[in-house]
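The numbering of the sequence shown is the numbering used here, which starts it at 194 and goes up by one.
Backbone N, C-alpha and C fix where the C-beta goes; we use that ideal spot for every residue, glycine too.
If you're wondering where the values come from, they're calculated on a predicted model, not measured in any experiment.
Since the structure comes first, as structure tokens, the remarks are kept for the end.
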Amino acid sequence: MIKCIFTAVIFLGMIISCNSGATKSSESGKAGSDNPESGKEKNMNLVYLDTAENMYNILCQGWVMEDDADALEGMDENSKFEIPYRSFYFSTEGSFVKNPRNAMDYGKWSFDASTKTITINNTIEREINKYTIALLSADEMILVNTGINSTTNLKFISPGRRFKNAADDPFFLENNRWRIKPKAKEPDSLIHQRLKDNIHFFILFYKRALAMDDKVISFWGLPSCFKWYGGGVFLKKETELKENWINCYYNKEQAMQAYALADKLLSQKYNWPKGEQNWLKLNLAVLEQMYKKLDDIH
């Protein structure tokens, strides 16, 4: 039996039209708010980098390779196709997360202003990458991988904004520790915490989509045992679980312990915000309740 929670108001439309791929926010209710480009006030939780006074400040945000930026639109979460989505998330704290929708890596990064060089110390690949900046603006960056003597220009784009508090960004390293496979079996308490941290990641993911006014919302490549719909949260069938989620745990047995907790979690009752039309805010409200209720489930 597939467990699900949904808002009854839009259930019929969900059956007819929803899938778990990327969704344009304009089709499902406006995703964001505080968009200064449309004359609204700026989001007070964000730093707008168009007025940044140094290169390091501009670098500290999320970057996606331009060639990959449109790849997520229309991608079904369960698609068998693998697409590259090359990206960097540089934190002001000196940590980074690389390619979180593919084979994620992470570690420390630094910037040398005199040589305009970014140095990335990869933890999983155990190698150091060096890139020289050929061009940099608030929302565009061209890198050259000088570490391998390449001359190819790699163009990245960004929203030109970041959170004032690094911990509010879902792609901040500390918000992705749950994805790092443990080296030994974990006690029940840590399995429970991994699932809770997984849910917390998606709470931040929804909040980021709202704050950044994202036009396309995609969950492709992000490890989860849940399916996300406009006004609904489902538990995946066991056969639908991706390896990237199972590998967040020591082995499949421990992953299935977390799956059993998620199954119990979706059996609880949740309150949907009355009168809310924005599907991101609807799902976010329930996710926040799930996060709290998980403490009482064992």
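Selection from 367, 482, 390, 448 that minimises the alpha carbon distance to residue 463: The shortest Cα separation from residue 463 among 367, 482, 390, 448 belongs to 482.
Stretch-stretch touch, CB-based, cutoff 8 Å, three pairs: the region 247-260 with the region 347-354: The region 247-260, when compared against the region 347-354, does touch it at the 8 Å Cβ threshold.
Selected residue, minimal CA-CA separation from residue 238, among 362, 331, 332: Nearest neighbour of residue 238 by Cα position, chosen from 362, 331, 332, turns out to be 362.
Of the listed residues 449, 289, 240, nearest to residue 357 (C-alpha basis): For the residues 449, 289, 240, the minimum Cα distance to residue 357 belongs to 240.
Residue closest to residue 419, alpha-carbon to alpha-carbon, out of 339, 300, 388, 470: Distance from the Cα of residue 419 is smallest, within the candidate group 339, 300, 388, 470, for 388.
Residue 257 Cβ short of 7 Å to the ligand ADP heavy atom set: Because no ligand of any kind appears in the structure shown, any question about the ligand ADP cannot be addressed here.
6 Å CB neighbourhood of residue 440 in its chain, flanking five on each side removed: Counting only Cβ-Cβ distances below 6 Å, and skipping sequence neighbours, we find 374.
Selection from 325, 416, 300, 476 that minimises the alpha carbon distance to residue 319: Comparing Cα positions, the closest option is 300.
Cβ-based burial, residue 411 [other Cβ within 10 Å; buried from 16]: Burial call: buried.
Segments assigned alpha helix (DSSP H), at least 4 residues, entirely inside the region 352-396: Segments of the alpha helix (DSSP H) lying fully in the region 352-396: there are none.
Assigned secondary structure, residue 481 (DSSP; H/G/I helix, E/B strand, else coil): In the displayed model, residue 481 falls within a helix according to three-state DSSP.
Residue closest to residue 331, alpha-carbon to alpha-carbon, out of 325, 252, 469: For residue 331, the nearest C-alpha among the options comes from 252.
Contact check, residue 414 vs residue 324, beta carbons under 8 Å: Inclusion of residue 414 and residue 324 in the CB contact set at 8 Å is not warranted, their separation being larger than that value.
Nearest neighbour of residue 250, chosen from 274, 235, 264, 287 [CA to CA]: The shortest C-alpha to C-alpha distance from residue 250 to any of 274, 235, 264, 287 is the one to 287.
For residue 258, the first and last residue of its enclosing beta strand (DSSP E): That run of the beta strand (DSSP E) goes 255-258.
Whole-angstrom distance between residue 246 and residue 383, CA atom to CA atom: Using only the alpha carbons, I get a separation of about 43 Å.
Residue 272 versus residue 433 - alpha carbon distance: Linking residue 272 to residue 433 through their CA atoms gives a straight-line distance of about 11 Å.
Endpoints, the beta strand (DSSP E) within which residue 302 is located: Where residue 302 is concerned, the enclosing beta strand (DSSP E) stretches over 298-305.
Continuous beta strand (DSSP E) stretch holding residue 334: start and end: Counting along the chain, the unbroken beta strand (DSSP E) around residue 334 starts and ends at 333-337.
Residue 264 versus 284, 294, 235, 489, residue with shortest Cα-Cα distance: Ranked by Cα distance from residue 264, the options 284, 294, 235, 489 are led by 294.
Nonlocal neighbours in the same chain, by C-beta distance under 6 Å from residue 401, ignoring five residues either side: In its chain, beyond the 5 residues on either side, 363 have a beta carbon closer than 6 Å to the beta carbon of residue 401.
Spatial distance of residue 390 from residue 326 (CA atoms): Rounded to the nearest angstrom, the two C-alpha atoms are 35 Å apart.
Residue 326 in three-state terms, based on DSSP: It is a strand residue.
Selection from 304, 385, 283 that minimises the alpha carbon distance to residue 360: Of 304, 385, 283, the residue nearest in Cα terms is 283.
Neighbourhood of residue 448 by C-beta distance below 6 Å, restricted to the same chain and skipping five residues each side: Closer than 6 Å at the Cβ level, and outside the excluded window around residue 448, lie 439, 442.
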